[in-house]
Amino acid sequence: MVDAITIADPELEARLRRRLAEVEQRLLECTHGDGTAPAADATSHLVAAGGKRMRPLLALLGAEFGDPGAAGIVDAAVITELVHVASLHHDDVMDAAPTRHGAPSVNARWGNTIAVLTGDRLLARIAKLAAGLGDGALRLYADTANRLVRGQLRELSGPAGPDDQPAHYFAVIADKSGSLISASVRLGARQAGAPHSAELALAEFGEYLGTAFQISDDLIDITSERSQSGKQPGTDLALGIPTLPVIFALNDTGAEGRELRELLEDGALGDEALRGRALDLLRSSPALNQARAVLNDHLDRARAALAELPPGPAVPALAALCDLITDRTG
Numbered sequence: 001m002v003d004a005i006t007i008a009d010p011e012l013e014a015r016l017r018r019r020l021a022e023v024e025q026r027l028l029e030c031t032h033g034d035g036t037a038p039a040a041d042a043t044s045h046l047v048a049a050g051g052k053r054m055r056p057l058l059a060l061l062g063a064e065f066g067d068p069g070a071a072g073i074v075d076a077a078v079i080t081e082l083v084h085v086a087s088l089h090h091d092d093v094m095d096a097a098p099t100r101h102g103a104p105s106v107n108a109r110w111g112n113t114i115a116v117l118t119g120d121r122l123l124a125r126i127a128k129l130a131a132g133l134g135d136g137a138l139r140l141y142a143d144t145a146n147r148l149v150r151g152q153l154r155e156l157s158g159p160a161g162p163d164d165q166p167a168h169y170f171a172v173i174a175d176k177s178g179s180l181i182s183a184s185v186r187l188g189a190r191q192a193g194a195p196h197s198a199e200l201a202l203a204e205f206g207e208y209l210g211t212a213f214q215i216s217d218d219l220i221d222i223t224s225e226r227s228q229s230g231k232q233p234g235t236d237l238a239l240g241i242p243t244l245p246v247i248f249a250l251n252d253t254g255a256e257g258r259e260l261r262e263l264l265e266d267g268a269l270g271d272e273a274l275r276g277r278a279l280d281l282l283r284s285s286p287a288l289n290q291a292r293a294v295l296n297d298h299l300d301r302a303r304a305a306l307a308e309l310p311p312g313p314a315v316p317a318l319a320a321l322c323d324l325i326t327d328r329t330g
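Below, the structure is given as structure tokens:
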């Protein structure tokens, strides 16, 4: 992930690379070494498959506002990635996802029971790591886990009605996406002894960065080709997930809006030809620009939160993550 953003300060870049290597080693230690196959292999599978490690990077950048060499910083970063990995174990079961990070998903390889139990095992390990960092880390982990589950339950229950759909969408992505990004940068700051004012600013930054990433994913799912995104366009349509561009497009009172409502009236759009038609309608809809405007607003709010932080090389590094979202969305 460090390679994906511009870090102007060479000392900060070197420190981040060194610490991320330590995080990688610690992740392997925390997911290997106990239990018997297949449970042991399933627990370590997604960590070994790799990933961007954005959440550990955020934790390490948050630590720059205190003492980045403080005890427990690496474990704080490890916690953020393990929460993400545990959530993937459970999400992939619910979505019946066949792959993750370019490899077979845990549920596809070992079955749903092993996937759920090893996800639970990771959550237990996280609790132990957080307890070792102190009450503040444990409370933040508990609050974040609660929000992740609440967001998933909200998504499953759906909006109260058509008028509730936009508010419902933002509540879901705040809990499912904003919460862990915010907690990641906060946990690093908290473990490093950063001032409370800095932690609050970082928390707000993380909330908006996390929701911006989700809105960006919504747009990429519609606008990209498979070669660009690495996944089949229209995946969310196939699963019946109401993304922000779709919500906006369904409110279109014209002929294209009516056609899209008819296509999506049954929820999931499994037929490939119909899904292709829905993608064509969405790509020509003003809903894409509406969603981009919301994305830009969330990024502006994230950048505004950074203005509340004391100056230092970590501030432009965090801002570069906002630029990364803009670039990846196109």
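Each residue of the sequence shown is one higher than the last, beginning at 1 in full-length UniProt numbering. For each residue, glycine too, the CB sits at the ideal point set by N, CA and C.
Taking 8 Å as the cut-off, the beta carbon of Pro68 is found no closer than this to the beta carbon of Ala198.
DSSP places Pro316 inside the alpha helix (DSSP H), whose first and last residues are 314–329.
If you ignore the 5 residues before and after Val47, its C-beta comes within less than 7 Å of the C-beta of Leu27, Leu28, Thr31, Val85, all in its own chain and listed in chain order. According to DSSP, residue pairing for Pro104 in a beta bridge involves Thr99. Here DSSP, grouped into helix, strand and coil, assigns Glu64 to coil. Close CB contacts of Arg125 within its chain, under the 7 Å cut and outside five residues either way in sequence, are with Cys30, Leu82 (chain order).
Assigned with DSSP and collapsed to three states, Thr6 falls in coil, not helix or strand. Rounded to the nearest angstrom, the gap between the Cα atoms of Arg18 and Asp95 is 36 Å.
Here Leu202 is near Ala189, since their CB atoms are less than 8 Å apart. With a threshold of 16 other beta carbon atoms within 10 Å, Ser216 meets it and is buried.
By the CB criterion at 8 Å, Thr80 and Ser184 fall inside the cutoff. Contact annotation, Ala174 with Glu207: C-beta distance approximately 7 Å; criterion of less than 8 Å satisfied.
Pairing Lys128 with Gly66, the inter-Cα distance amounts to about 24 Å.
At a Cβ-Cβ threshold of 8 Å, Ser285 and Ala249 count as neighbours. Counting other Cβ atoms within 10 Å of its Cβ, Ala194 reaches 16 or more and is therefore classed as buried. Following the DSSP letters along the chain, one finds Glu256 inside the alpha helix (DSSP H) bounded by residues 255–263. Asp218 sits away from Ala319, with the two beta carbons spaced by 8 Å or more.
Distance between Arg109 and Leu282, taken at the CA atoms: about 35 Å. With fewer than 16 other Cβ atoms from the protein chains shown falling within 10 Å of its own Cβ, Gln25 counts as exposed. Annotation for Arg275: the continuous alpha helix (DSSP H) segment containing it runs 272–283. By the C-beta density criterion, Pro162 is exposed, having fewer than 16 other C-beta atoms within 10 angstroms.
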